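A.B. asks: Under numbering that gives the first Met the number 0, read the sequence shown as residues 0 to 314, first letter to last.
Sharing a structure with you now.
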Amino acid sequence: MKERNSAGFSEKARPYGLAADYYRLHARKQVLKRILYAGAAVCPENAALSVSHYEIAAEKIPPAFDGFRIIQLSDLHGRLFGKDGQRLLAKIKAQRPDMIAVTGDFADEKTENFAPLLHFAASLRAICPVCFVSGNHEQKLPPLLRRSFLNGLREQGVGILDNTSVHLERNGQTVDLRGVRVPLRYYRWRGKGNRRIAFSEKKMERLAGFCGPSYTVLLAHNPLFFEAYAAWGADLTLCGHVHGGLFRLPGLGGLLSPERKFFPRYSAGIYRIGDRVMEVSRGLGKYPRLNNLPEIVSLTLRSAPGHPTPRKDVL
Ligand SMILES: [Fe+2]
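Have a look at this one:
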């Protein structure tokens, strides 16, 4: 007689059991996804467009950059507001930005036509310099498609900061602007206890190079590795990815991360480790939202002595 396990299957049948577990899990994920998309379609908050203002003050910011304004756009997932993104463009122009930072998931696997996004990128570039760093969804695009999308952005004059940097210069003073493309494997949970692969300061150095002595602004799609970014030397890190946690609960923050983890550590707003500051955008895409309006982030640098004093004022 064949030996049977606790589930009542013979040991030989176990591989089929594993496959069944996998398909059951996959089916559950698909159901959850459909519920989320259906929720996004009817969610009235998606029609709104808010601007969050922060002042980032630090002694290390050169005086020439006092008042320098960065507009951050994140996680559009192929969405544009109004025809050719006119509604979004009008809000951005009104902020009079010196630079626009797009922190990933501008497109995703469901984007069928990149032309509207590239046209929108050209309109952004007409306002001021634009920099971009890839999110997990750009990394999931088929390689040829991804290359053609990034080349398209380059042709529109957008600076691609995937593991590279540029120096911003004003009156002979500089601020270092870096981007890190966190590889896809660091977005996944795996192993016993659902742990992540460690992402360290050393890994940051391997990906983005050494951090110099200038005030450094880092664009990094995933906020989960703030400790590594801060230890590496980023003074100000701009992130997205978590979509505000979808439902924002008073006193508790965002409910759910894209990895389906409840109450993610970083979901929206300003976080600090000593003098290092990280800002996490709630994103602009169409997701189920509660108390979590789509958000343009406006950051004004202040060359001020003393401790950094981020200030938030949501319109
Ligand atoms: Fe993302």
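Quick reminder that beta carbons are idealized off the backbone N, C-alpha and C, glycines included.
If you're wondering where the values come from, they're calculated on a predicted model, not measured in any experiment.
Rounded to whole angstroms, what's the CA-CA distance from L248 to P293? Just pull it up for me.
C.D. replies: Distance between the alpha carbons of L248 and P293 is about 16 Å.
A.B. asks: Would you say the beta carbon of G253 comes nearer than 7 Å to a heavy atom of ligand 1?
C.D. replies: Answer for G253: no, Cβ out of range of ligand 1.
A.B. asks: Which residues count as close to ligand 1 when the rule is a CB under 5 Å from any of its heavy atoms, in chain order?
C.D. replies: Every residue passing the under-5 Å Cβ criterion appears here: D104, G134, N135 and H240.
A.B. asks: Please classify G190: does DSSP put it in a helix, a strand, or coil?
C.D. replies: With a pLDDT of 47 at G190, under the threshold of 50, the modelled position of this residue cannot be trusted, and the question is left open.
A.B. asks: Taking R68 as part of the beta strand (DSSP E), name the residues at either end of that continuous run.
C.D. replies: Per DSSP, R68 belongs to the beta strand (DSSP E) from R68 to L72.
A.B. asks: Quick one: what's got a C-beta closer than 7 Å to D107's C-beta in the same chain, skipping five residues either side?
C.D. replies: So the qualifying residues of the chain are H76, G77 and H136.
A.B. asks: For Q138, which of helix, strand or coil comes out of DSSP?
C.D. replies: Helix.
A.B. asks: Between S266, G273 and L300, which lies nearest to R288 when the distance is taken from Cα to Cα?
C.D. replies: Cα-wise, what sits closest to R288 is S266.
A.B. asks: Does R271 pass the burial test, meaning 16 or more other C-beta atoms within 10 Å, or should it be called exposed?
C.D. replies: Flag for R271 reads exposed.
A.B. asks: Let's see if you can read the secondary structure: which residues bound the alpha helix (DSSP H) around A230?
C.D. replies: Element bounds for A230: F225 to W231.
A.B. asks: Checking 8 Å against the spacing of the C-beta atoms, do G103 and H240 come in under that value?
C.D. replies: Taking 8 Å as the Cβ cut-off, G103 and H240 qualify as a contacting pair.
A.B. asks: According to DSSP, simplified to helix, strand and coil, what is A197?
C.D. replies: It is coil, neither helix nor strand.
A.B. asks: For G171 and N290, what's the separation of their Cα atoms in angstroms?
C.D. replies: Taking the straight line joining both Cα atoms gives about 43 Å.
A.B. asks: Is the Cβ-Cβ distance between Q71 and V296 less than 8 Å?
C.D. replies: Cβ distance < 8 Å, so Q71 and V296 count as in contact.
A.B. asks: Distance check for L254 and Y53, CA to CA, integer angstroms please.
C.D. replies: For Y53 and L254, the distance between alpha carbons rounds to 23 Å.
A.B. asks: Secondary structure at Y185, three-state DSSP: helix, strand or coil?
C.D. replies: Reduced to three states, the DSSP call for Y185 is helix.
A.B. asks: Look at the alpha carbon of K139 and the alpha carbon of P62, and state the distance between them as a whole number of angstroms.
C.D. replies: Their Cα atoms are separated by approximately 41 Å.
A.B. asks: Drop a sphere of 10 angstroms on the beta-carbon of D274, count the other beta-carbons inside from all chains shown, and report buried for 16 or more, exposed for fewer.
C.D. replies: Answer is exposed; the Cβ neighbour count stays below 16.
A.B. asks: I'd like to know whether the C-beta atoms of L235 and F67 end up nearer to each other than 8 Å.
C.D. replies: For L235 and F67, no; Cβs fall outside 8 Å.
A.B. asks: What do you reckon, is the C-beta of H240 under 7 Å from a heavy atom of ligand 2?
C.D. replies: Of the ligands this structure carries, namely ligand 1, none is ligand 2.
A.B. asks: Please work out which residues of its chain come closer than 6 Å, Cβ to Cβ, to W231, disregarding the five sequence neighbours upstream and downstream, and give them in chain order.
C.D. replies: Within the same chain, W231 has close Cβ partners E200, M203 and C210.
A.B. asks: Distance check for V129 and R153, CA to CA, integer angstroms please.
C.D. replies: So the two alpha carbons sit approximately 10 Å from each other.
A.B. asks: Figure out for me which residue from F113, D175, V179 and A100 has the closest Cα to the Cα of F148.
C.D. replies: Out of F113, D175, V179 and A100, F113 has the C-alpha closest to the C-alpha of F148.
A.B. asks: If you count every other CB in all the chains shown that lies within 10 Å of the CB of H220, and 16 or more means buried, which is it?
C.D. replies: Buried: at least 16 other Cβ atoms inside 10 Å.
A.B. asks: If we ignore side chains and look at the alpha-carbon of each, how far apart do V157 and A229 end up?
C.D. replies: Computed Cα separation, rounded: 26 Å.
A.B. asks: Round the Cβ separation of P304 and E58 to the nearest angstrom and send it over; I've been treating them as touching at under 8 Å.
C.D. replies: About 5 Å separates the two Cβ atoms, so the contact holds.
A.B. asks: Short of 7 Å in beta carbon distance, which residues of its chain neighbour T215, apart from the five on each side in sequence? Order them along the chain.
C.D. replies: Answer for T215: D175, R177, G232, A233 and D234, listed in chain order.
A.B. asks: CB F131 to CB L79, shorter than 8 Å?
C.D. replies: Not closer than 8 Å, so no.
A.B. asks: On the DSSP letters alone, give me the boundaries of the alpha helix (DSSP H) that H118 sits inside.
C.D. replies: That run of the alpha helix (DSSP H) goes A114 to I126.
A.B. asks: From the DSSP output, in three-state form, read off D83 for me.
C.D. replies: Note: D83 maps to helix in three-state DSSP.
A.B. asks: Do you know offhand how far G190's Cα is from C238's?
C.D. replies: Any reading at G190 must be qualified, since the residue scores a pLDDT of 47, below 50, and its modelled position is unreliable; no value is offered.
A.B. asks: Closest by CA to L206, which one among I196, L48 and T163?
C.D. replies: For L206, the nearest C-alpha among the options comes from T163.
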